[in-house]
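Colleague: Residue numbering for the sequence shown follows the numbering used here, starting at 22 and increasing by one per position.
The beta-carbon is built from N, C-alpha and C at its ideal position, and this holds for glycine as well.
Before I ask anything, here is the structure I am working with.
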Amino acid sequence: MTDDNSPASMPAEALNRADAALVATLDAVVSVHANESHWWNNASFALPLLGCIVLVTVGWIAGIDEAFGFGLFLGVVALLMTPVVLVGWRGVATAIVLTRDRALALHDGHVMREFPWAEVVAIDRAETMGNIRWRIHSSDGQHLTIDGEIADVEGLVAQARTLAALPAPAPTDAGAPG
Numbered sequence: 022m023t024d025d026n027s028p029a030s031m032p033a034e035a036l037n038r039a040d041a042a043l044v045a046t047l048d049a050v051v052s053v054h055a056n057e058s059h060w061w062n063n064a065s066f067a068l069p070l071l072g073c074i075v076l077v078t079v080g081w082i083a084g085i086d087e088a089f090g091f092g093l094f095l096g097v098v099a100l101l102m103t104p105v106v107l108v109g110w111r112g113v114a115t116a117i118v119l120t121r122d123r124a125l126a127l128h129d130g131h132v133m134r135e136f137p138w139a140e141v142v143a144i145d146r147a148e149t150m151g152n153i154r155w156r157i158h159s160s161d162g163q164h165l166t167i168d169g170e171i172a173d174v175e176g177l178v179a180q181a182r183t184l185a186a187l188p189a190p191a192p193t194d195a196g197a198p199g
């Protein structure tokens, strides 16, 4: 990896241990961007769990059976959503690493997807129901997704455009980084 004073070594502290160990083995690291969220940040899990805690507590302290019962129901919903959320999380990059010769998406110390810069044909922005994601497209039709929870998305996209030797975004991408 690079020396301790390089920009690439700074964000590695935010990485989980497995990703940090993998990044330490890479050569020519330009930048490292950790995912700032965790599996339990998923609303399908977190909201029922929080509702369960609040309603069970209020129902128990105030003696309100309906609140207590609904809190238990929300607890069951949170419990049932846990495997769904965990399965979905397995497909989410916990870090994006840019090196001089390629882009890598990592998940807990494993490379999920990687593209050499020579194979990158486009970087585009996709918005779905207010959630903005960026995608690095390769010549074989595959893409690497950069979720909005990744640290310094704007810097990552700008650096990726430079490394892939892609032109600046079209004027229709007003406000787009890079």
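Which of the three DSSP states is assigned to Asp48 in this structure?
Modeller: Of the three classes helix, strand and coil, the one that applies to Asp48 here is coil, per DSSP.
Colleague: Reducing DSSP to helix, strand and coil, say where Pro190 ends up.
Modeller: Reduced to three states, the DSSP call for Pro190 is coil.
Colleague: Given this structure, state the Cα-to-Cα distance separating Phe136 from Glu175, to the nearest angstrom.
Modeller: Computed Cα separation, rounded: 19 Å.
Colleague: Tell me whether the beta-carbon of Pro245 lies closer than 8 Å to the beta-carbon of Leu95.
Modeller: The structure shown does not extend to residue 245, since the chain is modelled only from 22 through 199, so no value can be given for it.
Colleague: Helix, strand or coil: how does DSSP classify Thr149 here?
Modeller: In the structure shown, Thr149 sits in a strand (DSSP, three-state: E or B).
Colleague: Distance, Cα to Cα, Leu200 vs Ala99?
Modeller: This structure leaves residue 200 out entirely; the chain is present only between 22 and 199.
Colleague: Distance check for Thr78 and Ala41, CA to CA, integer angstroms please.
Modeller: Distance between the alpha carbons of Ala41 and Thr78: 39 Å.
Colleague: In terms of residue numbering, what span does the beta strand (DSSP E) encompassing Glu135 cover?
Modeller: From DSSP, the beta strand (DSSP E) with Glu135 extends over His131 to Pro137.
Colleague: Could you tell me the boundaries of the beta strand (DSSP E) in which Arg121 lies?
Modeller: Element bounds for Arg121: n/a, residue is neither H nor E.
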